[in-house]
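Using this note's numbering, read the sequence shown as starting at 20 and increasing by one per residue. Notes to accompany the following structure.
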Amino acid sequence: MRDLRALAQALMPIVADAGAAIMRVYDAGFTVQHKEDDSPLTLADLDSQRVIIAGLNEVTPEIPILSEESAQAPWAERQSWRELWVVDPLDGTREFVKRNGEFTVNIALVQEHEPLLGIVAAPALGLLYWGAREAGAFSHHRGAARRPIKVSPPQNPPRVIGSRSHTSPQTAAYLARLGPHVMTAIGSSLKFCWVAEGRAELYPRFGPTSEWDTAAGQALLEAAGGHVTRPDGHRLRYNCRESLINGDFLAFSDPSVLAP
């Protein structure tokens, strides 16, 4: 087993440098391209990607990297990976383009298909979160000392966090079954962070996401005492098949907050 606390500390400068690269583009102005799936791409995505890949290759050259903005290794190669980094260099590019600050850098360490360590940074908001199995979960605000975080006990009505840019009829139907609740919308993997630090109890997601959208947030939330499961109750797992697309999932503080 790796020393996950020490590894998290080694990643902090990499995440800070990636955030600084993103903010240089954010502050200077930028143009937007579109990928084949019509999702937006900016120079900030690519600059952050270069910083993270270089940093991870220096800290752990033996661990392969799965990243949104890199050409993906074929399944014939990936299926032999027992350990890997799962990276989204800029999660929430739509929020970046809208200039609302709700975008993040996500890095997760996955071992045997399970996310063990997750770091989520929101550079425009001066926030950094990290969590690891058996180490707990923590937040830092603009360089302040780390603060332990944990999920909230169930609230009545439950506080639900949802996507600012992705909604679906399935989500509306689920919330109707849930009954009275307080809903807040926010972008990127910050939704996992809000549940992890007790600002919400439930994040339901119906619709496609990629493994790099969820791995870091799941590791963080589980380290804070929460859960990320498919609707059938099974945990999200990673690098288990050729497709990198997740199915529907629920991120929550306690099973009692779920809709019947």
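Ideal placement from N, C-alpha and C gives every residue a C-beta, glycine not left out. Note that the structure is a prediction, hence the values are computed from the model and not measured.
- Under the three-state reduction of DSSP, Phe115 is assigned to helix.
- Counting of Cβ neighbours within 10 angstroms places Thr50 among the exposed residues, the total staying below 16.
- Excluding five sequence positions before and after Trp100, the CB atoms of its chain that fall closer than 7 Å to its own CB belong to Pro83 and Asn258, given in chain order.
- If you compare the alpha carbons of Trp231, Thr203 and Pro223 with that of Leu197, the shortest gap goes to Pro223.
- CA-CA distance, Glu241 to Cys212, rounds to 11 Å.
- Membership of Asp36 in the alpha helix (DSSP H) is indicated by the continuous run Leu23 to Ala47.
- Asn125 sits in a strand when the DSSP states are folded into three classes.
- If you draw a straight line from the Cα of Glu131 to the Cα of Glu114, it comes to about 32 Å.
- Within its own chain, the residues whose Cβ lies closer than 8 Å to the Cβ of Arg24, once the five positions on either side in sequence are excluded, are Ala151 and Ala154, listed in chain order.
- For Pro134, same chain residues with a beta-carbon under 6 Å away, outside a window of 5 residues either side, are Ala127, Ala234, Gln237 and Ala238 in chain order.
- Burial is judged here by how many other beta carbons sit within 10 angstroms of a residue's own beta carbon; Val276 has at least 16 and is buried.
- Nearest to Val78 by C-alpha distance, out of Arg218, Val124 and Arg21, is Arg21.
- For Val44, same chain residues with a beta-carbon under 6 Å away, outside a window of 5 residues either side, are Leu62 and Ala63 in chain order.
- By the CB criterion at 9 Å, Trp231 and Asn125 fall inside the cutoff.
- Setting aside the 5 residues that flank it on each side, Gln52 is surrounded in the same chain by Leu60, each with a C-beta closer than 6 Å to its C-beta; the list follows chain order.
- For Asp107, the uninterrupted beta strand (DSSP E) run begins and ends at Glu102 to Asp110, by DSSP.
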